[in-house]
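Chains as they are written, first to last, in full-length UniProt numbering: chain Z, 1 to 238; chain W, 1 to 238.
Here it is in structure tokens:
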């Protein structure tokens, strides 16, 4: 049964799903839906996901969207996936749901609010919004502090004190990796104080190498492009 | 093994969990954490939920927060719960996760943004914020339109075309029920155009009667109290 992933590697939940499939030997076809070209608004893609967002998947005749739901589905429907990604134990599983639910209204909302308004908007021809970026950064920083002091407080290197990564590690780390397209001084200001998070990102990368680096290789050229667009915009407004 | 629910009946996800337990014959102790009295900021409650939010549960020595994670846990850990609440089938389950994930950034965000800034803030001694309420209402109305045209488009009366309710029906309907504390003209303006949603609320109520009405009986006196506080505030500012 064929699995199609409708993704844009610039989208952090898309990257989480791509890395998950590659790290678990799940075969798929990557269907690129380029947000910058507004391909998510096409009538064809609305048939896949009426919410017009990536990622979405089609597995045989089954359609699904929302990245956490997709990660859980892939971990459950493909028998080769190791238990640590999404444990069968009801309590371990419940804790992973708890992290993922928390993510929606905290880390994700903060990170998207910051990066979009500080950088990515410019690539879509929209003005940057320093006030909205500052609000996003506030929630982002509070979320990073909570990850460091609570979700990573256990003995193991991963969330919930686990010794191996779960889908929650992959989802949250890919979110934080979005900071790679920001100015390096800004990234250092936000992430620098969180040594435990920096180590956790490295541990998650190592646990999914070489796929993590392969899927994130898009970040560096995008960062350069955004830098260029920011310089152009500041020259035009000067 | 004892189950304790840390809840405030004014909190919509708290109500969903209370109704779920009662409708499924799950015994529990209700520990009231009154948000208006800032009891969620007590050091004792921080031991239960470091995020200082209701609902949270303690089941024996197991602690959990985030309402969707709690509903899934209760449906999985208590053997008497009927399959329709959280189906064992991987694809049916995936669709429920998809609705619940969508809920976070759409219906919930819109409903909370509207109701808090239009009404509830005043009970916490905070100023109402018409601009933020209008932004919330915009997202709330878009979410209601999407529920009506997409999530409720199937043959059955419940989300995803199901013939019996799932935890997603309960979670989303309790969210919409928060509109009961708003001025009735506002509630009618927002909900009136959505006949299918009004029927779905009734169907969900009937499927969980008399617990649905019992747990929501708090709404009417709170509405009167908020009305009173609004009159006082307008007299003071006049």
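Yeah, the Cβ is synthetic: ideal placement off N, Cα and C, and Gly gets one too. None of the values given here were measured: they were computed from a predicted structure.
Is residue 32/W buried or exposed, if buried means 16 or more other CB atoms sit within 10 Å of its CB? Classification of residue 32/W: exposed, given that the 10 Å Cβ count is below 16.
Chain W partners of residue 104/Z, CB-CB under 8 Å? 101, 104, 105
So which of 86/W, 104/W, 105/W has the shortest CA-CA distance to residue 96/W? It is 86/W.
Residues near residue 13/W by beta carbon distance below 6 Å, same chain, minus five either side: The residues are 55, 67.
For a quick check, are the C-beta atoms of residue 223/Z and residue 212/Z less than 8 Å apart? no
Could you check whether the segment 156 to 168 of chain Z touches the segment 117 to 131 of chain Z, counting it as contact only if at least three pairs of C-beta atoms, one from each stretch, sit closer than 8 Å? no
Ignoring anything shorter than 4 residues or poking outside the segment 44 to 131 of chain Z, list the alpha helix (DSSP H) runs there in chain order. 67 to 77, 90 to 105, 107 to 118
Determine the chain Z residues that contact residue 51/W at a beta-carbon separation under 9 Å, and present them in chain order. The contacting residues are 102, 106, 146, 150.
What separation, rounded to the nearest whole angstrom, lies between the Cα atoms of residue 210/W and residue 115/W? 26 Å
Under 7 Å between beta-carbons, which chain W residues line up against residue 98/Z? List them in chain order, please. 64, 65, 66, 69
Taking the CB atoms as reference points, tell me whether residue 110/W and residue 140/W lie closer together than 8 Å. yes
Who are residue 31/Z's beta bridge partners in DSSP? 6/Z
Alpha carbon to alpha carbon, what distance is there between residue 46/W and residue 65/Z? Rounded to whole angstroms, residue 65/Z to residue 46/W spans 34 Å at the Cα level.
Provide the residue span of the alpha helix (DSSP H) that contains residue 231/W, from first to last. 219 to 237
Rounded to the nearest angstrom, what separates residue 198/Z and residue 192/Z at their Cα positions? Taking the straight line joining both Cα atoms gives about 8 Å.
Closer than 8 Å at the beta carbon, the chain Z residues around residue 76/W: Contacts between residue 76/W and chain Z, judged by CB atoms closer than 8 Å, involve 90, 93, 94 in chain order.
Against residue 197/Z, what residues of chain W qualify as contacts under a CB-to-CB distance less than 8 Å, listed in chain order? Result: empty, since nearest Cβ-Cβ is about 17 Å, beyond 8 Å.
So, for residue 237/W: in the same chain, excluding its five sequence neighbours on each side, which residues have a beta-carbon less than 6 Å away from its beta-carbon? none
Tell me the rounded alpha-carbon separation between residue 230/W and residue 185/W. 15 Å
Which residues of chain Z have a Cβ atom closer than 8 Å to the Cβ of residue 215/W, listed in chain order? Ordered by position in chain Z, no residue passes the 8 Å Cβ test against residue 215/W, which lies about 21 Å from the chain.
Whole-angstrom C-beta distance between residue 88/W and residue 90/Z, which should lie under 8 Å: That pair is no contact at about 13 Å.
In the DSSP assignment, the alpha helix (DSSP H) including residue 204/Z goes from what residue to what residue? 195 to 207
Is it right to say residue 41/Z is buried, meaning 16 or more other beta carbons lie within 10 angstroms of its own, or is it exposed? exposed
In its own chain, which residues sit with a C-beta less than 6 Å from the C-beta of residue 39/Z, not counting the 5 before and 5 after it? Around residue 39/Z: 33.
Which value, in whole angstroms, describes the spacing of the CA atoms of residue 7/Z and residue 18/Z? 8 Å
First through last residue of the alpha helix (DSSP H) which encompasses residue 175/Z: Annotation: the continuous alpha helix (DSSP H) that includes residue 175/Z extends over 167 to 177.
Quick one: grab the DSSP three-state call for residue 157/Z. Of the three classes helix, strand and coil, the one that applies to residue 157/Z here is coil, per DSSP.
Determine, for residue 211/Z, whether the minimum Cβ-Cβ distance to residues of chain W falls below 8 Å. By this cut-off, residue 211/Z is not an interface position.
List the residues of chain Z that residue 17/W touches, going by C-beta distances under 8 Å, in chain order. Chain Z residues near residue 17/W: none, gap ~13 Å exceeds 8 Å.
Shorter than 8 Å from the beta carbon of residue 114/W to some beta carbon of chain Z? no
Extent of the continuous alpha helix (DSSP H) run through residue 185/W: Per DSSP, the unbroken alpha helix (DSSP H) holding residue 185/W starts and ends at 184 to 191.
Could you spell out where the alpha helix (DSSP H) holding residue 18/Z opens and where it closes? First-last of the alpha helix (DSSP H) with residue 18/Z: 12 to 23.
Consider the Cβ of residue 73/Z: report whether some Cβ of chain W lies at a distance smaller than 8 Å. yes
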